[in-house]
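Okay, so here's the structure we're looking at.
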Amino acid sequence: MKSLKKIIYLALLLFLTTHIQAQKKDEIILKDEFNIVVDQKGNGDFKTIQEAIDAAKSYPSKRITIFIKNGTYYEKVKVHAWNPLISFIGESREKTIITYDDYFNKIGIGRNSTFYTYTVLVEGNDFFCKNLTIQNTSGPVGQAVALNVNANRVMFTNCSFLGNQDTLYTSGEGTKNYFKDCYIEGTTDFIFGDATVLFENCEIHSKSDSFATAASTPKDTAYGYVFKNCKLTADANVTKAYLGRPWRPYAKTVYINCEIGKHILPEGWNNWSKPEAELGSFYAEYNCIGEGYQPKNRVAWSHQLKASEAKKYTIENILDSDTTASTKQWYLKNN
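Residue numbers (numbering that gives the first Met the number 0): 0 to 334.
Take a look at the structure:
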């Protein structure tokens with residue numbers, strides 16, 4: 000009888016030891032996977048995202064991952080230039096929300112106030128983000144940026160960007176960004192800037208009769224904004240929207256294999272009262288579908304690509320056309 004009790008005791012001890020070791024192993028894996036955990040309820044390393052960024056090592060030799068638990072984080076977030084190789088991983092796209100409400104007149108520092116209205120500003124290269132929402136909740140009160148990306152080799156996947164005018168600003172001449180499986184909404188010029196950007200499998204949603212894009216592509220840049228396999232949608236009352244207009248005279252915007260809703264006007268593009276932009280800009284489409292795709296009615300200075308031309312719009316070419324091979328490798332690895 001005593002020997003039987005001893006056997007049961009040893010078996011129970013073995014089970015508990017194994018279970019505790021397994022738990023410790025899981026904890027180690029979790030710790031390795033997410034360097035920093037943000038939880039506004041206090042069950043993480045920090046309660047705010049900015050605190051986590053500020054605690055991260057400057058110019059790290061390997062990637063620093065910040066896991067952001069569900070919650071609405073009302074804060075103005077900046078990833079500094081000395082914070083490259085940062086990743087934001089949200090717990091869920093719908094419930095992990097970064098929000099703020101700055102806008103042009105609220106900033107009130109003159110003609111460049113727009114550039115200070117961001118909710119999130121990314122200046123650190125090689126930034127990666129997935130599974131969260133970034134929004135500017137100031138409403139239809141003029142320029143109000145949700146996300147400003149001013150860095151190279153930046154990737155967003157499975158994210159939402161919510162706002163009105165100037166929702167997404169992709170800045171920085173020569174920089175290259177990649178948005179995949181994302182939702183972007185706004186009213187006027189809600190995707191704008193001078194970076195080269197590939198948007199793939201994204202939904203581009205217009206909330207007013209206005210302009211979806213306002214590229215300011217620098218002269219002699221191979222690619223500007225490229226939308227591949229995207230869907231252009233709109234609120235029910237939107238019936239007179241444009242694919243884009245040129246912020247600067249050499250703007251480039253191309254839609255390939257996209258579904259274009261009926262809210263897009265037959266002419267498609269607008270010159271922003273800049274006749275010279277009709278000569279320097281490059282606006283094109285290829286193999287699109289939908290009621291808003293009317294190639295025969297587009298403005299005469301836009302283009303319909305040939306199949307041989309469309310083949311050049313690969314991820315390798317768009318994101319690595321004039322940078323080092325490491326750029327292409329990084330994007331392909333994270334695609």
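Even for Gly, the Cβ is constructed at its ideal location relative to N, Cα and C.
State the DSSP-derived secondary structure class of residue 25, mapped to helix, strand or coil.
The predicted model places residue 25 with a pLDDT of 35, which falls under 50 and marks its position as unreliable, so this point remains unresolved.
Counting only the same chain and skipping the five closest in sequence on each side, list residues whose C-beta sits under 6 Å from that of residue 259.
So the list reads 231, 287, 289, 291 and 292, once near-sequence residues are dropped.
Which listed residue (305, 266, 166 and 245) has its alpha carbon closest to that of residue 280:
The candidate whose alpha carbon is nearest that of residue 280 is 245.
Using only the alpha-carbon positions, how far apart do residue 226 and residue 61 sit?
Distance between residue 226 and residue 61, taken at the CA atoms: about 31 Å.
Exposed or buried, residue 159, counting other C-beta atoms within 10 Å across all chains shown (16 or more means buried)?
Counting every other CB atom within 10 Å of its CB across the protein chains shown gives residue 159 a total of 16 or more, marking it as buried.
Using 8 Å as the limit for Cβ to Cβ distance, is residue 159 near chain D?
The question asks about chain D, but that chain is absent: this structure has only one protein chain.
What residues match up with residue 237 in a beta bridge as DSSP calls it?
Partner(s): none; residue 237 has no beta bridge.
Report buried or exposed for residue 110, applying the criterion of at least 16 other Cβ atoms within 10 angstroms of its Cβ.
Exposed, since its Cβ has fewer than 16 Cβ neighbours within 10 Å.
At 4 residues or longer, and completely inside the segment 126–204: list those alpha helix (DSSP H) runs for me, N to C.
Scanning the segment 126–204 from its first residue to its last, no whole alpha helix (DSSP H) run of 4-plus residues comes out.
Apply the 10 Å Cβ neighbour rule to residue 41 and answer buried if 16 or more other Cβ atoms are within range, or exposed otherwise.
So residue 41 ends up on the exposed side.
Rounded to whole angstroms, what's the CA-CA distance from residue 74 to residue 229? Just pull it up for me.
Using only the alpha carbons, I get a separation of about 30 Å.
Do you know how far the Cα of residue 211 is from the Cα of residue 196?
Each residue's Cα considered, the two are about 15 Å apart.
Quick check: what's the CA-CA separation for residue 251 versus residue 33?
Approximately 38 Å, taken between the alpha carbons.
Identify whether residue 85 lies in helix, strand or coil by the three-state DSSP scheme.
It is a strand residue.
With distances taken from CA atoms, which of 37, 199 and 133 is nearest residue 92?
Measuring C-alpha to C-alpha distances from residue 92 to each of 37, 199 and 133 identifies 133 as the nearest.
Own chain residues within Cβ distance below 6 Å of residue 112, not counting five before or after:
Only residues of its own chain outside the window of five on either side were considered, and among them 103 and 106 have a CB closer than 6 Å to the CB of residue 112, listed in chain order.
Reference residue 77; option with closest CA among 270, 123 and 168
Closest option to residue 77, Cα to Cα, is 123.
For residue 236, which of 48, 190, 208 and 222 has the nearest alpha-carbon?
The shortest Cα separation from residue 236 among 48, 190, 208 and 222 belongs to 208.
Pick from 82, 247 and 98 that is closest to residue 274, judged by C-alpha positions
The option with the nearest alpha carbon to residue 274 is 247.
CA nearest to the CA of residue 48, picked from 63, 72 and 56
Checking every option, the nearest Cα to that of residue 48 belongs to 72.
Between the segment 172–182 and the segment 134–143, are three or more C-beta pairs nearer than 8 Å?
They do not touch, by the three-pair rule.
Distance CB(residue 131)-CB(residue 87) smaller than 8 Å
Their beta carbons are under 8 Å apart, which means residue 131 touches residue 87 by this criterion.
State buried or exposed for residue 308, treating a residue as buried only when at least 16 other CB atoms are found within 10 Å of its CB.
Around the C-beta of residue 308, fewer than 16 other C-beta atoms lie within 10 Å, and the residue is accordingly described as exposed.
Inter-residue spacing [alpha-carbon to alpha-carbon] between residue 153 and residue 58
Rounded to whole angstroms, residue 153 to residue 58 spans 16 Å at the Cα level.
Cα separation between residue 255 and residue 200?
Residue 255 and residue 200 have their alpha carbons spaced roughly 11 Å apart.
By Cβ distance, which residues of its chain are closer than 7 Å to residue 322, with the 5 residues on each side in sequence left out?
The predicted position of residue 322 is uncertain, since its pLDDT is 44 and thus under 50; a value taken from the coordinates is nonetheless stated next. Exclusion of the five residues before and after residue 322 leaves 175 as the residues of its chain whose Cβ lies within less than 7 Å of its Cβ.
Locate the alpha helix (DSSP H) running through residue 314, then write down its first and last residues.
Run containing residue 314: 314–319, per the alpha helix (DSSP H) assignment.
Member of 264, 257 and 249 whose CA lies at the smallest distance from the CA of residue 240
Among 264, 257 and 249, the Cα nearest to that of residue 240 is on 264.
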